[in-house]
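Here the structure comes first, spelled out in structure tokens, and everything after it is commentary.
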Amino acid sequence: MKILVTAKRVEDPESKIKVKADGSGIVQEGLKYKINPFDEIAVEEGLRLAAKHGGEVVVVSIGPKEVQEQLRHALAMGATKAVWVNHGGALDPMSAAGLLKAVLEREKPDLAILGKQSIDDDQNQTGQYLAEWLGWSQATFASKVESLESDAEKAKTPAIHIAADGKSAQVVREVDNGLTTLSVKLPAIVTSDLRLNLPRYASLPGIMKAKNKPIEELTPAALGVDASPQIQVVKLSAPPPRKAGVKVGDVQELFTKLKNEAKVI
Amino acid sequence: MSIVLIVAESQPDGHLRKATLHAIAAGKELAQKTGAPLHLAVLAENPSALAEQLKPYGAVVIHTVASPAFAHYVAESYAPAVAALASSIGADFVGAAATAQGRDLLPRVAARLKAAMASDVLAFSGSGTDVTFTRPMWAGSVIADVKLKTSVKALTIRATEFSAAEPGGGPAEVKAFPAPADVASSPTQFVSFNEVKSARPELTEASIVVSGGRGTKGDFKEIEALADELGAAVGASRAVCDAGWVPNDYQVGQTGKVVAPKLYIAAGISGAIQHLAGMKGSKVIVAINKDPEAPIFQVADYGIVADLFKVLPELRAAIHASKSS
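What follows is the structure in structure tokens.
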């Protein structure tokens, strides 16, 4: 089967994000960039499914030339080939979904797995727009019943169950108050949540091999997509800071403060 | 005429989700700013009881959409109905609470309406059709003011930022909207729901939350005992959910639940930015951690550098004693 996965370039989730004084953006100096953690989980799931069912994993990223680093990372993890949509401007979920739709119509995968959100704009929308515009099934927030310390996880078992006839798949989703299971008709869009899997590290041979794997370059114009964003960011600001707290010496002092000062117990 | 349409959400047992009342409050505020009336949409197999319950909350019209296809929520059944209703009444704003269902559904509705969308909206400013939405980015490290350029605008609402709507308005008019044919042709089928049942209050609704992190080493007995003494909900950091020590549903953070109780007690939680994103709106934060350098202390009103297995039972005993005295 053919599985398409995404690899958005985002700021390292461990970095401290600071807003520029004029609110026009974030301070770029000193930031490191990574593959969006949810996308990395999507890549891993794609690789596990391809290992189990046979087939290839195509990884897509949209952005300037630097996103090739994230594509190489996914190729080093084991993806078969990469598609780079060379796009310099701002990207919002509608423009990303529009471009991905065009890529999916060219690649015709059996399944596309996207991160459920990217950790920069935290919108959690692209997969859903994409599924609707393609008229496909969607299973967002894909997870699994087994924990990340289970034997199933250690055995790198895929969490998404493809039916024997290859026409549908069962996906476990994290929702409020529990887990729900859906049966989606293939091709479908799945978006990955945190506990779908633990992504593998790229091995040294994997990194060497990735250097020779193909990256196909496309542009919004070549795909016939107008990628101009529909969301205008007016201003960014830092959240209001919490006022400094105090350290208490013992439990009795903590109890007294909670009862008499904060009056919350 | 411009209309604000809020989609109500029911729990699997058919009861109204409380987050909907917070979304209605946000919808009222948006309606005031834009001069538009507030309408609600109730989709269910039998929506009449839910619509009846929502009548006094200040909406002008409640649209009910009934279909056997709504017996279990799937986006591919709900989205065509919400989009058809929104188009039919000429809604300019379509919103819902930022619950798992809201996050799954609203972008699919927005896609049908060619509407841009703002997720997790914290506040509104502006007036008329020129509305600015305030929402978090980078796990809440940045607050963004955004405008949506499309004529129809979609949003999900962060429930903790708006007080629940109170009943008391004139009764809404209830109108039945026929379910479009495509609600029954979903390519996705519901299979099962595995509910995490708990006698404790719901995490996002509780006025006190006691959360445990890696420092518990998976032993939540003291966390739970203190929570029960306080009538509190139990939360957790990502690490303990990943390890399978507690249900995933306990996770507080950027990608888990966002909570803002009057008291949040973080025991053995280091305070990664992704966790802080889910709880730093709490009124009072208590941090219990053996590591004095733990980042959780930077947001805590009261911090205690000590072993949680010593602090929690002592705190519980002190609270218990004060109740009986």
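Heads up: the sequence lines are chains A and B, in that order. Residue numbering for the first sequence follows our numbering, beginning at 917 and increasing consecutively. Residue numbering for the second sequence follows our numbering, beginning at 342 and increasing consecutively. Note that the Cβ used here is the ideal one computed from N, Cα and C, for glycine as well. Keep in mind the model is a prediction, meaning the values are calculated, not measured.
Original post:
Got a sec, what are the start and stop residues for the beta strand (DSSP E) residue 449 of chain B sits in?
Top reply: Careful: residue 449 of chain B lies outside any beta strand (DSSP E), inside the alpha helix (DSSP H) at 441-454.
Original post:
Which one of B:647, B:661, B:368, B:655 has the shortest CA to CA distance from residue 507 of chain B?
Top reply: B:368
**OP:** Per DSSP, which residues does residue 465 of chain B bridge with? Please list them.
**Re:** B:474
Original post:
Assuming residue 965 of chain A contacts residue 975 of chain A under a Cβ cut-off of 8 Å, what Cβ separation, rounded to an integer in Å, is found between them?
Top reply: That belief does not hold up - the Cβ atoms of residue 965 of chain A and residue 975 of chain A are roughly 14 Å apart, past 8 Å.
Original post:
Can you list, in chain order, the residues of the stretch 1044-1068 of chain A whose Cβ is nearer than 9 Å to any Cβ on chain B?
Top reply: 1044, 1045, 1046, 1047, 1048, 1049, 1051, 1052, 1053, 1054, 1055, 1056, 1057, 1059, 1061, 1062, 1063, 1064, 1065, 1066
Original post:
What are the residues that DSSP puts in a beta bridge with residue 1049 of chain A?
Top reply: Paired residue(s): none; residue 1049 of chain A is not in a bridge.
Original post:
How do the stretch 1059-1068 of chain A and the stretch 490-504 of chain B stand: do at least 3 beta-carbon pairs fall below 8 Å, yes or no?
Top reply: no
**OP:** Hey, could you find the ends of the beta strand (DSSP E) residue 1089 of chain A is sitting in?
**Re:** 1084-1091
**OP:** Within 10 angstroms of the Cβ of residue 1022 of chain A, are there 16 or more other Cβ atoms? Answer buried if so, exposed if not.
**Re:** exposed
Original post:
Excluding five sequence neighbours on each side, which residues of the same chain lie with their C-beta closer than 7 Å to the C-beta of residue 1052 of chain A?
Top reply: 1103, 1104, 1105
Original post:
What are the boundary residues of the alpha helix (DSSP H) that includes residue 914 of chain A?
Top reply: Outside the shown range of chain A (917 to 1181) lies residue 914 of chain A, about which nothing can therefore be said.
Original post:
Can you tell which of A:969, A:919, A:967, A:990 has its C-alpha closest to the C-alpha of residue 1127 of chain A?
Top reply: A:990
Original post:
By the 10 Å Cβ neighbour count, where 16 or more other Cβ atoms means buried, how is residue 609 of chain B classified, buried or exposed?
Top reply: buried
Subject >> Which of helix, strand or coil DSSP assigns to residue 507 of chain B >> reply: coil
Original post:
What are the residues that DSSP puts in a beta bridge with residue 380 of chain B?
Top reply: B:346, B:402
Subject >> Extent of the continuous beta strand (DSSP E) run through residue 1147 of chain A >> reply: 1147-1153
**OP:** Throw me the rounded Cβ distance for the residue 525 of chain B and residue 494 of chain B pair, which I believe falls under 8 Å.
**Re:** With a Cβ gap of about 28 Å, residue 525 of chain B and residue 494 of chain B do not count as contacting.
Subject >> beta strand (DSSP E) runs wholly inside the stretch 583-607 of chain B, at least 3 long, in chain order >> reply: none
Subject >> Identity of the residues DSSP links to residue 978 of chain A by a beta bridge >> reply: A:1001
Original post:
Got a sec: is the Cβ-Cβ distance from residue 375 of chain B to anything in chain A below 8 Å?
Top reply: no
Subject >> Coarse secondary structure for residue 1010 of chain A, derived from DSSP in three states >> reply: helix
Subject >> Proximal chain B residues relative to residue 1161 of chain A, where beta-carbon distance stays under 7 Å >> reply: 641, 642, 643, 644
Subject >> Chain-ordered chain B contacts of residue 944 of chain A [CB-CB under 7 Å] >> reply: Residues of chain B passing the Cβ test: none, with the nearest at roughly 13 Å.
Original post:
By DSSP, does residue 1077 of chain A sit in helix, in strand, or in coil?
Top reply: strand
Subject >> Minimum C-alpha distance to residue 1173 of chain A - residue among B:627, B:598, B:612 >> reply: B:627
**OP:** Determine, using beta carbons only, whether residue 1168 of chain A comes closer than 8 Å to chain B.
**Re:** yes
Original post:
Candidates A:1029, A:977, A:1027, A:996: which alpha carbon is nearest residue 1007 of chain A's?
Top reply: A:977
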